[in-house]
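Residue numbers (the UniProt record's numbering): 1 to 404.
Encoded structure:
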């Protein structure tokens, strides 16, 4: 597995695979070939079908400016769901040709350069990690530090700061999100809309949801967020951590950093052994992974055992199996924003179940990840970030109930 620094990335939304990944690829190529005067860029499959709504072209244009570009869209299901073919020219002559896969979470793979980034984790499954930690009597957080080094705390501190800033911006922003759906920002409404004699459980639901909406709306608006593990699922983990930090005095920033490390470990395992890309395995790979990470983080904040942390993460993923990725009009708004809030709340529930029931569990984290990936491979292409199925297929303006 790669470092957590490859999983948690600070950048602009609304999509790690559709904006951050392509922009990163073009930045690298532009630096390699500074004399390029024009690019022909072909977007394949999910990028071709939802690139407009995900602002793919805008991200690329901003990155290569002032170099001119011509875009093409093609479907070729023999290629990775997020494939980009990039041909560079200088004065009409081809100077470079690259095929790049945007594999999720902002990570890219150049064809023929698959091993460019070094893996630093030798263990390849959670079962291996668990056995190692128990044999040395160390926690999952201590394991991460052993592999990553002491400096990982400083990095995770920066990640935590960026997460908090996104929440604070989001709950103070209002107005309409970009795009034809004309979605009103709702985080500020949720945060301030306290009912008279509001029960504590309703307060928790409302606040956690408002924080998740805040980050997700910042992402949808092209703001700066942290991939956790992706842009589309960026609101789940920050919402849970921020709520716990505000609610419990014993949840310090140091404890949050420990929780981020453990959450990242689970996210890394999913990324390595399955996928965190909605275009590859549906929304179960994005929101499901984020919920799993958040559940593991929540269990870490409560100092639960390694087995209980694993069970919390497993429950969270198990109950997202089969979740489709069908963004309406290709925008990371419907149903993406609400899903972040629901998943944050589900992560809390998963941790509660794990606390009481871990001794009777039957399914391992490794098994549920294997199952998620196979489910994603079996899922019809129209339900994997193409906007050709599900809500995206059936939604029309006539369906708009104007509830807000």
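Glycine included, every Cβ here is placed at the ideal spot set by N, Cα and C.
Let's see if you can read the secondary structure: which residues bound the beta strand (DSSP E) around residue 93?
Sequence index remark: in the chain shown, residue 93 carries index 93 (1-based). It spans 93 to 104 - the beta strand (DSSP E) in which residue 93 sits, taken as one unbroken run.
According to DSSP, is residue 405 part of a helix, a strand, or is it coil?
In the structure as shown, the chain begins at 1 and stops at 404. Residue 405 is therefore absent and cannot be evaluated.
Tell me whether residue 9 sits in a helix, a strand or coil according to DSSP, three-state version.
To locate residue 9, count along the chain shown from 1; it is residue 9. Looking at residue 9 - three-state DSSP - the assignment turns out to be coil, as it is neither helix nor strand.
Would you give the residue range spanned by the beta strand (DSSP E) that residue 30 belongs to?
Working through the chain shown from its first residue, we reach residue 30 at position 30. No beta strand (DSSP E) holds residue 30; the alpha helix (DSSP H) holding it covers 21 to 32.
Excluding the 5 residues flanking residue 274 on each side, which residues of the same chain have their C-beta closer than 6 Å to its C-beta?
Here the question's residue 274 lines up with position 274 in the chain shown. Cβ within range, chain order: 369, 372, 373.
Applying the 10 Å Cβ sphere with the 16-neighbour rule, what's the burial state of residue 74?
Here residue 74 refers to the residue found at position 74 when the chain shown is read from its first residue. Classification of residue 74: exposed, given that the 10 Å Cβ count is below 16.
Could you check the C-alpha separation between residue 4 and residue 197 for me, to the nearest Å?
The residue given as residue 4 occupies position 4 in the chain shown. The residue given as residue 197 occupies position 197 in the chain shown. About 43 Å.
Which of the three DSSP states, helix, strand or coil, is assigned to residue 43?
The sequence position of residue 43 within the chain shown is 43, counting from 1. In this structure, residue 43 counts as strand in the three-state DSSP scheme.
Strictly under 8 Å for the Cβ-Cβ distance: is residue 234 near chain C by that measure?
Absent from the structure is chain C; it holds one protein chain and no more.
Counting pairs of beta carbons, one from the segment 202 to 209 and one from the segment 341 to 348, are three or more of them closer than 8 Å?
With the cut-off at 8 Å, the segment 202 to 209 and the segment 341 to 348 touch.
If I measure Cβ to Cβ from residue 89 and keep anything under 8 Å in the same chain, skipping five residues before and after, which residues do I get?
Taking the first residue of the chain shown as position 1, residue 89 is located at position 89. Around residue 89: 36, 37, 38, 39, 40, 95.
Give me the Cα-Cα distance between residue 171 and residue 286, rounded to the nearest whole angstrom.
Sequence index remark: in the chain shown, residue 171 carries index 171 (1-based). Sequence index remark: in the chain shown, residue 286 carries index 286 (1-based). Near 23 Å, if we compare the C-alpha coordinates of residue 286 and residue 171.
Does DSSP put residue 268 in a helix, a strand or coil?
Position 268 of the chain shown, counting from 1, holds the residue named residue 268. Of the three classes helix, strand and coil, the one that applies to residue 268 here is helix, per DSSP.
Using only the alpha-carbon positions, how far apart do residue 280 and residue 131 sit?
Here the question's residue 280 lines up with position 280 in the chain shown. Here the question's residue 131 lines up with position 131 in the chain shown. Whole-angstrom Cα-Cα distance: 30 Å.
Can you name, in chain order, every residue of its own chain whose Cβ lies under 7 Å from the Cβ of residue 323, other than the five neighbours on each side?
Here the question's residue 323 lines up with position 323 in the chain shown. Once the five neighbours on either side are set aside, the close Cβ partners of residue 323 are 282, 283, 284, 287, 288.
Going by DSSP, what residues sit across from residue 346 in a beta bridge?
Numbered from 1 along the chain shown, position 346 holds the residue referred to as residue 346. Looking at the DSSP assignment, residue 346 forms no beta bridge with any residue, so it has no partner.
Is residue 19 buried or exposed, if buried means 16 or more other CB atoms sit within 10 Å of its CB?
Residue 19 sits at position 19 when you count from the first residue of the chain shown. By the 10 Å Cβ count, residue 19 comes out buried.
Quick one: residues in its chain with C-beta nearer than 7 Å to the C-beta of residue 290, no 5 flanking neighbours on either side, listed in chain order?
Mapped onto the chain shown, residue 290 falls at position 290. 228, 229, 233, 236, 237, 343.
Determine the closest residue to residue 366 out of 390, 312, 269, with distance taken between C-alpha atoms.
Looking up residue 366 in the chain shown gives position 366. Of 390, 312, 269, the residue nearest in Cα terms is 269.
Could you tell me how far apart the beta carbons of residue 220 and residue 177 are, in whole angstroms, since I believe they sit closer than 8 Å?
In the chain shown, residue 220 corresponds to position 220, counting from 1. In the chain shown, residue 177 corresponds to position 177, counting from 1. Indeed, because the Cβ distance is near 5 Å, the residues count as touching under 8 Å.
What is the DSSP secondary structure of residue 404, reduced to helix, strand or coil?
Numbered from its first residue, the chain shown carries residue 404 at position 404. Bear in mind that the predicted position of residue 404 carries a pLDDT of just 37, short of 50, making it too unreliable to give a figure here.
Name the DSSP beta bridge partners of residue 291, please?
Position 291 of the chain shown, counting from 1, holds the residue named residue 291. None, per the DSSP bridge assignment.
By how many angstroms is the C-alpha of residue 82 removed from the C-alpha of residue 388?
In the chain shown, counting from the first residue as 1, residue 388 sits at position 388. In the chain shown, counting from the first residue as 1, residue 82 sits at position 82. Those two C-alpha atoms are separated by around 16 Å.
Check whether the segment 158 to 167 and the segment 297 to 310 touch, using three or more Cβ-Cβ pairs below 8 Å as the test.
Short answer: they don't touch.
If distances are taken between C-alpha atoms only, which option among 30, 337, 49 comes closest to residue 413?
Residue 413 lies beyond the residue range present for the chain, which begins at 1 and ends at 404; the question has no answer from this structure.
Using beta-carbon positions only, say whether residue 257 and residue 156 come within less than 8 Å of one another.
Here residue 257 refers to the residue found at position 257 when the chain shown is read from its first residue. Here residue 156 refers to the residue found at position 156 when the chain shown is read from its first residue. Contact flag set, yes.
Does the separation of the CB atoms of residue 301 and residue 350 fall below 8 Å?
Taking the chain shown and counting its residues from 1, the one referred to as residue 301 is at position 301. Taking the chain shown and counting its residues from 1, the one referred to as residue 350 is at position 350. No, Cβ-Cβ distance for residue 301 and residue 350 is not below 8 Å.
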